[in-house]
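Listed in order, the protein sequences are those of chains B and S. Its first residue numbered 1, the first sequence is counted upward by one per residue in UniProt numbering. Its first residue numbered 1, the second sequence is counted upward by one per residue in UniProt numbering. Don't be surprised by glycine CBs; every beta carbon is placed ideally from N, CA and C. This one's a predicted model, so the numbers in the text were calculated from it and none came from an experiment. Please read the structure below before turning to the comments.
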Amino acid sequence: MNPSEQPALAVTSLQPATTPSRQTSAYGVVDGLAEPEPYLRIEDINKSFGNFVALKNIFLNVYPGEFVCLLGPSGCGKTTLLRIIAGLEEQTSGRVIQGGKNVSNLPPAQRDFGIVFQSYALFPNLTATQNVAYGLQNAKRPRAEIDRRVAELLETVGLTGMGQKYPSQMSGGQQQRVALARALALSPGLLLLDEPLSALDAQVRVKLRTEIASLQKRLGITTVMVTHDQAEALAMADRIVVMDKGYIAQVGAPRAVYQHPRNPFVANFIGVMNFLQGVVVAPDQVRCGNLVLLTPNNQAAVNQPVRIAIRPEDIRVLSVAEAQTHSQNVISAEVQSMEYMGTGYLVTCAPDGNAKDQITIDLSTFESGALGLEPGSTLRLYLPPDQVQVFAAE
Amino acid sequence: MTVTTPKFPTPNPLFPKRQQVVTREDWLMRILLGLGTLWLLVGVVLPLFPMIGRSFFDPNGNWIGLANYVKYLTTPSLVSAFFNSFFIGAMSMMIAVGLAFLYAYALTRTQMPGKLAFRVLGMLPLYIPPLAHAIGLIYLFGNKGLVTTGFLGVFPKWDIGLYGPVGIIIGEVLYCFPQALVIMITALSLTDARLYEAAEVLGSTPLKTFFTVTLPSVKYGLISALFVCFTLAFTDFGVPKVVGGNFNVLATDIYKQVIGQQNFSMGATVSVFLLVPTVIAFVVDRIIQRRQTALVSAKAVPLQPKSHPPLDWLMFGFCALVAGFTIAVLLVIIFASLVKVWPYDLTLGFKNYDFSTVGGGGYRAFWNSIRMSFYTAIVGTVAVFMGAYLVEKGRGMKWLRSANYFLSTLPLALPGLVLGLSYVFFFNNKIWWIPFTKIAIYNPFNGIYGTMAILVLCNVIHFYTVCFLTANTALKQIDPEFEAVSASMRVPFYKTFWRVTVPLSLPAILEIGIYYFVNAMITISAIVFLYPPSLPLAAVAIVNMDDAGDIAAAAAMSTLVVLTSIGVRILYWLFTRGLQQRSQAWLQR
């Protein structure tokens, strides 16, 4: 996409290409039927703090039962957007429409959401039960109903029998479950998760993220989660909203975003990406240094400087025999360093005839052993044309 | 294929900004915040106007412009008091902060034996009125003092020339030392052991480490302690009143002008001379402290001082001397209060505790003081905590919260005497003349003049800032998302305040309560102009007894005040422990 096509960004954000929610939501909408009405609509939200612009022209639709992740580096505006959805922060302009109702200028207490913070924000002087019952008691529900609901919620999050403990007597993972149960207590229409797993140990994090994702599917609650961890977003979300410097860089299903990043920022932020500088020499060819590569995915004009991109796992290492059969897109490269990763090696090499760029590839321990690799070895790398993407140079 | 950044701000946003709906809860918070700011305005700022205004009038109420100031500056006996006060302030500040720094260093950075005992003893003078220190000094170094007479003839005589600057400075140092000690202990405790490890690895000598790591990290605490001590010693009234002799300082001059000569205009003029340097010190300290950035991150490793016997024992000797002196002063007060006729008949008895033969109000004054301190603790704690909550946790109304914060820190800049005198001018008038107009309005607050209420109000304001900052710090440590979570569950803020914020802040709230009680018990400067004859007070009684020469009775009253303060502290400690065991079960694992 070239800059003149820019307005299309907002349109595509409004109408996402894929809405996996249709296969997965509790509403049971089947693919091919009419587009469901979005549950949450964010329309042209802008936010600035003094001179600092935190959010620029944000459009986003979240469909019923969908799990959407706001993903981006720190300072990209993802948390600000979540707080605007909750009403904890006031937007500079724009609208938030939830369940068909314009909630843009309602305070948090008059909106309909449950929220879980990174810090858990559990009341430390109340037991797990009292924390979960906090909102129910205020709503003046009958005692028996509260007890039943709290027991049910604690069971849902897998904390049966832990109700009498204080937060300080629980592990981080357990505290986060209490926070989740508390957020769900009033059966809100929208669940907001603000980096809910960042404060946990790596192992607990992986376990809990699977649990939260399956709980969300079971309850069918529309969910927006903020995270800076791309693995978390890829694993949990139906759709990922990649944000950068206050604007939406790309919206899409995890696979779509990973395999077809819209721009170098997304390509680089999610997963590892190799970039090579080049110039378009024919509609489907790019020259990088002395090499000419086939790039059928190219949309840039001839003579335009570009960056071609390919994921490490998409690059194949060819044996000498195999190299004979491939006439195109084979690069000879010298191994510069090998980083042992446990499951294999991350090999960095310098392609011949292109001094500027390096290429990183993943090799299993077996493969690198078979090739007898060491720094200084020469590799023949095959870059499958379909996997090569082309971005306009910056 | 790039995504360019959309231009911002959008010239014509699709949906322009609309303010969030203001709910009834918001209104409640705004009204409370408005009332809180209004009461600080009435208690802190408004009374200053008639006080400063009065300095431009003669005693008969005629406008004389700057004549009072000219008279003050051209009368050598008056203007010398200003320099005397400055001298006292500067000397006391340097000695007290120097001692406090070493003492705090010994407590936090060495393996000196008996640290806990020294910590408690170092804080002991906090519970002693400065006035009582002065009386203790008289019994040690006065004309018939223990030291002066060589322990009643056992040792050679040693007269240090107590009455005058020497006595005042010793008294002020005793008064300022624990205040500086609190600040220095806090400053020296906040450090990162890794800085010292880095210095050691880099081959720095201990002395160099002290100047490059230790001093810079406590710089702001040190500056703060200097300003606090200067202000305390510069404005104190009790010590110079008792041991000042003919050495005039500003505080005693104000008292003489107002009480002795009934010249309120000159009293107001001298008050301005007392007020201006204090306000400057306050402003400078605020500016410097604003530049402070957190040197210690949350990940800091606490420093475990290493054992170093020569240093440890040197520090032990030093601390024993300092603590020993403060205890000696306290013990001599108690001893003197029990002695029949000092120094001729040293038989012990409670004769001096029968206040019926001396002026000052006796036990009625003592009970009034306890009542006043109790009310001050209750009213002050509620006002401070609610004020700090609204400022720290309130939503919106940013300018009003900033204004409230500023007004809450202002009382620190107001010397007690100035505050008391301002209250006289402000509350005593049945009507207020609005300056430069012929309009007068009825004073709605006149009713509390000469009652317990004005004494409590004055005490609450006088000690407001320290309590406010304590509450503010405690509230800052509470997760800011609690309010957001409550709102998401549609629980109004006042319910979360009562169920979560107050229980979590209980230690700080109790700390504020005791601070108010003890200070109301021992204060004299703010209330000496305000108490009505029907309400004698213990601290004032000590001044009056000393004035009348009944120094043994003054010692007895001082003893009662000190024992009450310490007793209440101990009761409080026991009570807090019980309370924490019950209501703070969540703290135990």
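Quick check: is the beta carbon of residue i nearer than 8 angstroms to any beta carbon in chain S?
i      : result
G94/B  : yes
G252/B : no
L180/B : no
E313/B : no
F117/B : yes
V29/B  : Reliability fails at V29/B, whose pLDDT of 41 lies under 50, so the model's placement of it is uncertain and the value that follows must be treated cautiously. No - not a single Cβ of chain S is within 8 angstroms of the one on V29/B.
L88/B  : yes
Y258/B : no
R22/B  : Confidence in R22/B is poor, its pLDDT being 39 and thus under 50, which makes the residue's placement too unreliable to answer from.
Y63/B  : no
F275/B : no
F113/B : yes
G163/B : no
Give the residues of chain B in contact with residue i, contact being defined as C-beta atoms less than 8 angstroms apart.
i      : result
F15/S  : E43, D44, S93, G94, R95, S104
T23/S  : P107, A109, Q110
P503/S : N125
V500/S : F123, N125, L126
I want to check one thing, is the minimum distance from the CB of residue i to the heavy atoms of the ligand NAD below 7 angstroms?
i      : result
R577/S : The ligand NAD is not among the ligands present in this structure, which contains no ligands whatsoever.
Please classify residue i: does DSSP put it in a helix, a strand, or coil?
i      : result
L136/B : helix
T75/S  : coil
T523/S : coil
V301/S : coil
W63/S  : strand
I128/S : coil
E232/B : helix
A54/B  : strand
R371/S : helix
L455/S : helix
V358/S : coil
E43/B  : strand
R239/B : strand
F391/B : strand
N429/S : coil
Q250/B : strand
S408/S : helix
Short of 6 angstroms in beta carbon distance, which residues of its chain neighbour residue i, apart from the five on each side in sequence? Order them along the chain.
i      : result
L226/S : M93, V97
A193/S : V301, L303
Q304/B : V280
R262/B : Q250
S271/S : I254, V418, L421
Going along chain S in order, which residues have a C-beta closer than 9 angstroms to the C-beta of residue i?
i      : result
A121/B : D479, P480, E481, F482, A484, V485
E195/B : Neighbours of E195/B on chain S: none; closest Cβ ~12 angstroms, over 9 angstroms.
Y39/B  : In chain order: nothing, as chain S lies at least about 17 angstroms away.
Which bits of chain S does residue i rub up against, with CB to CB less than 7 angstroms?
i      : result
Y186/B : Before going further, note that residue 186/B is Leu rather than Tyr in the sequence given. Within chain S, the residues near L186/B are M489.
Y134/B : M489, V491
Which bits of chain B does residue i rub up against, with CB to CB less than 7 angstroms?
i      : result
K495/S : N138
Kindly indicate if chain B contains any beta-carbon less than 8 angstroms away from that of residue i.
i      : result
Q257/S : no
Q20/S  : yes
To which residues of the same chain is residue i closer than 8 angstroms at the C-beta, ignoring the five residues directly before and after it?
i      : result
P532/S : G450, T451
W399/S : none
Q130/B : F123
Using a Cβ-Cβ cutoff of less than 7 angstroms, which residues in the same chain neighbour residue i once the five nearest sequence positions on both sides are dropped?
i      : result
L153/B : V132, A181, L184, A185
A383/S : V460
Where in the segment 252 to 317 of chain B do unbroken runs of the alpha helix (DSSP H), each at least 4 residues long, occur, reported from the N-terminal end onward? 254 to 259, 264 to 269
Beta strand (DSSP E) runs wholly inside the segment 172 to 210 of chain B, at least 3 long, in chain order: 190 to 194
Report the residue ranges of all alpha helix (DSSP H) runs contained in full by the segment 89 to 167 of chain B; include only those spanning at least 4 residues, in chain order. 128 to 138, 143 to 156
Which full runs of the alpha helix (DSSP H) of 4+ residues lie inside the segment 96 to 146 of chain S, going along the chain? 115 to 123, 130 to 141
At which residue ranges does the segment 325 to 381 of chain B contain complete beta strand (DSSP E) runs of 3 or more residues, listed in the order of the chain? The segment 325 to 381 of chain B contains these whole beta strand (DSSP E) runs: 330 to 340, 344 to 351, 359 to 364.
Please go through the segment 171 to 209 of chain S and give each complete alpha helix (DSSP H) segment of 4 or more residues, from N-terminal end onward. 193 to 201, 206 to 209
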